[in-house]
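Chemist: Structure below; questions to follow.
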Amino acid sequence: MFFEIGTDSSLFDGLAISREEQLCREYLGQYPVISLSLKQVSGLNFEEAKEGLSDEIRTEIRRFYHILDKEQIEDDDRKLLSDLKNEKENLKSSIKSLSEILYRYYNKKSLS
Numbered sequence: 010m011f012f013e014i015g016t017d018s019s020l021f022d023g024l025a026i027s028r029e030e031q032l033c034r035e036y037l038g039q040y041p042v043i044s045l046s047l048k049q050v051s052g053l054n055f056e057e058a059k060e061g062l063s064d065e066i067r068t069e070i071r072r073f074y075h076i077l078d079k080e081q082i083e084d085d086d087r088k089l090l091s092d093l094k095n096e097k098e099n100l101k102s103s104i105k106s107l108s109e110i111l112y113r114y115y116n117k118k119s120l121s
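Just so we're aligned: 52 in this note's numbering is position 43 of the sequence shown, and the numbers increase by one with no gaps anywhere.
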């Protein structure tokens, strides 16, 4: 949350990290962040666990769906992001693909 673009800096007011002014200037709210939690991923077998992970990844992809209508997004990236969301893209490469799209959009490497 600290690094994520759009983070409200007031969330850190009064915390020790807020006193690190240079650190905050350089990093607070400066990066696209891909955040996955495996806490909700479960299953009785590999396939169920894989499906749970796939759901978690799609949920994270949806968080960035708002950039699809931006001019900076090229048609290929728009299609790829849509395919990722709609499960047409391979789960194995989905995080890498999302990271690459975010890099091209924000011109900054994402944090995962």
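Don't be surprised by glycine CBs; every beta carbon is placed ideally from N, CA and C. Just so we're clear, the structure is a prediction, and the values are computed from it rather than from any experiment.
(1) Could you check where the alpha helix (DSSP H) with Ala58 kicks off and where it finishes?
(2) Considering only DSSP beta bridges, list what Val50 is partnered with.
(3) With DSSP collapsed to three states, give me the class of Leu120.
(4) Using only alpha-carbon positions, find the residue among Thr68, Lys94, Glu30 and Ser63 that is nearest to Lys101.
(5) Taking its Cβ as the centre, do 16 or more other Cβ atoms sit within 10 Å of Ile110, making it buried, or is it exposed?
(6) Quick one: Cα of Gln81 to Cα of Tyr114, how far?
(7) For Ser46, is the classification buried or exposed, using 16 other Cβ atoms within 10 angstroms of its Cβ as the cut-off for buried?
(8) Measure the C-alpha to C-alpha separation of Tyr74 and Ser121 and round it to an integer number of angstroms.
(9) Using CA atoms only, rank isn't needed, just tell me which of Gln39, Leu20 and Thr16 is closest to Lys117.
Modeler: Once the coordinates are examined:
(1) Phe55 to Arg72
(2) According to DSSP, Val50 bridges with nothing at all.
(3) strand
(4) Ser63
(5) buried
(6) 6 Å
(7) exposed
(8) 17 Å
(9) Gln39
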